[in-house]
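J.: Protein chains in written order, with my numbering: chain U, 2 to 113; chain X, 14 to 126. C-beta: ideal position from N, C-alpha, C; glycine also. Note that the structure is a prediction, hence the values are computed from the model and not measured. Below you'll find the structure I mean.
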Amino acid sequence: LAKTTQPISMDSYEGQEVNITCSHNNIATNDYITWYQQFPSQGPRFIIQGYKTKVTNEVASLFIPADRKSSTLSLPRVSLSDTAVYYCLVGPGSGNTGKLIFGQGTTLQVKP
Amino acid sequence: KAGVTQTPRYLIKTRGQQVTLSCSPISGHRSVSWYQQTPGQGLQFLFEYFSETQRNKGNFPGRFSGRQFSNSRSEMNVSTLELGDSALYLCASSIQAGTGELFFGEGSRLTVL
């Protein structure tokens with residue numbers, strides 16, 4: 002069963018690039034890595050998903066090395082509104098069955 | 014398109030009581046999963062339902078149960094409430110089971126006194 006580990010907190014300044022790493026040593030062959038963002042009093046919101054190598058969308062990039070034992074969420078040029086908790090999720094891809102394991106979450110504080 | 018709706022948003026119960034929480038998924042989504050969120054434990058997976066069948070269950074005691082109806086709406090029930098059950102209970106819906114994009118509701122905040 003995959004167990005995920007993330008840093009508890011990170012600080013950054015507006016305009017900087019932020020990289021948050023999640024460790025998942027026991028990831029299964031059919032597991033995907035997904036990242037979510039959560040603001041206070043709201044449910045988590047999907048950011049990005051990947052299986053291997055690099056995935057990029059309009060808000061973030063996800064880097065997954067060949068061994069898939071970790072993944073890094075990259076947020077380019079953060080702003081104050083990016084202050085939130087970021088979770089990585091490891092679990093079977095869409096259409097498959099398996100437990101959905103969230104990391105403990107990383108609280109990102111963006112300072113002006 | 015309406016999002017995921019969870020009811021009630023807030024509730025207070027006492028130890029020993031039971032509680033039922035409801036989740037209405039996004040129209041067309043057939044999978045619903047439930048999570049318990051606490052400051053100390055983060056987001057913990059409770060169970061996942063797809064087409065009225067429980068596909069997976071997390072490591073929670075049998076006091077936690079759920080079901081899904083033919084219209085994909087889901088309920089979870091916690092019996093014999095304990096103080097440690099105080100948490101935010103989140104449900105998420107998706108088109109398929111697994112970790113395709115999950116759409117979360119705002120949660121039901123349960124306080125057990």
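Under 8 Å, with one C-beta from each stretch per pair, do the segment 99–109 of chain X and the segment 38–48 of chain X reach the 3-pair mark?
T.: yes
J.: What does L103(X) touch in chain U if you count any residue whose Cβ is under 9 Å from its own?
T.: Residue 103(X) sits at position 90 when you count from the first residue of the second sequence. By Cβ distance, chain U contributes G44, P45.
J.: Could you name the residues of chain B that Q109(X) contacts, counting a contact when the two beta carbons are closer than 7 Å?
T.: The structure shown has no chain B; the protein chains it does contain are U and X.
J.: In angstroms, rounded to a whole number, what distance separates the CA positions of N58(U) and G79(X)?
T.: The sequence position of residue 58(U) within the first sequence is 57, counting from 1. The sequence position of residue 79(X) within the second sequence is 66, counting from 1. Cα-Cα distance, rounded: 35 Å.
J.: Does the segment 79–97 of chain X touch the segment 67–87 of chain U, meaning 3 or more C-beta pairs lie closer than 8 Å?
T.: no
J.: Identify whether D83(U) lies in helix, strand or coil by the three-state DSSP scheme.
T.: Counting from one through the first sequence, the residue named residue 83(U) turns up at place 82. The answer is helix: DSSP assigns D83(U) an H, G or I state.
J.: Under the assumption that T107(U) contacts V86(U) (Cβ atoms under 8 Å), give the Cβ distance between them as a whole number of angstroms.
T.: Stepping through the first sequence from its first residue, residue 107(U) is reached at position 106. Stepping through the first sequence from its first residue, residue 86(U) is reached at position 85. By a beta-carbon distance limit of 8 Å, T107(U) contacts V86(U). Their separation comes to about 7 Å.
J.: Got a sec, what are the start and stop residues for the beta strand (DSSP E) E59(U) sits in?
T.: Taking the first sequence and counting its residues from 1, one reaches residue 59(U) at position 58. Where E59(U) is concerned, there is no enclosing beta strand (DSSP E), given that its DSSP letter is neither H nor E.
J.: Would you call the segment 91–101 of chain X and the segment 23–31 of chain X touching, i.e. three or more CB-CB distances under 8 Å?
T.: yes
J.: Please confirm whether F73(X) has its beta-carbon closer than 8 Å to some beta-carbon of chain U.
T.: Sequence index remark: in the second sequence, residue 73(X) carries index 60 (1-based). Output row for F73(X): interface = no.
J.: Rounded C-beta distance between L101(X) and G120(X)? I'm assuming under 8 Å.
T.: Taking the second sequence and counting its residues from 1, one reaches residue 101(X) at position 88. Taking the second sequence and counting its residues from 1, one reaches residue 120(X) at position 107. The Cβ separation is near 4 Å, so the contact holds.
J.: Nearest to K55(U) by alpha carbon, out of L74(U), Q105(U), Q39(U), P41(U)?
T.: Working through the first sequence from its first residue, we reach residue 55(U) at position 54. Considering only alpha carbons, the answer is L74(U).
J.: With a 10 Å radius around its C-beta and 16 neighbouring C-beta atoms as the bar for buried, classify I102(U) as buried or exposed.
T.: Along the first sequence, one-based indexing puts residue 102(U) at 101. Label assigned to I102(U): buried.
J.: With the cut-off set at 8 Å, would you say S35(X) and E114(X) are in Cβ contact?
T.: Within the second sequence, numbered from 1, the residue matching residue 35(X) stands at position 22. Within the second sequence, numbered from 1, the residue matching residue 114(X) stands at position 101. Taking 8 Å as the Cβ cut-off, S35(X) and E114(X) do not qualify as a contacting pair.
J.: Run down chain X in chain order and give the residues with a C-beta less than 9 Å from the C-beta of Q105(U).
T.: Looking up residue 105(U) in the first sequence gives position 104. By Cβ distance, chain X contributes Q54, G55, L56.
J.: Please state the DSSP three-state secondary structure of G97(X).
T.: As a position in the second sequence, residue 97(X) is number 84, starting the count at 1. In this structure, G97(X) counts as helix in the three-state DSSP scheme.
J.: Using the rule of at least 16 other Cβ atoms within 10 Å of the residue's Cβ for burial, across every protein chain shown, is G4(U) buried or exposed?
T.: Along the first sequence, one-based indexing puts residue 4(U) at 3. Sequence check: residue 4(U) is Lys here, not Gly. Flag for K4(U) reads exposed.
J.: Helix, strand or coil: how does DSSP classify V111(U) here?
T.: Working through the first sequence from its first residue, we reach residue 111(U) at position 110. V111(U) falls in the strand class under three-state DSSP.
J.: Which ranges would you report for the beta strand (DSSP E) in the segment 61–114 of chain X if only whole runs of at least 3 residues count?
T.: 66–70, 77–81, 87–91, 100–107
J.: Is the segment 88–104 of chain U touching the segment 61–70 of chain X, taking contact as three or more C-beta pairs under 8 Å?
T.: yes
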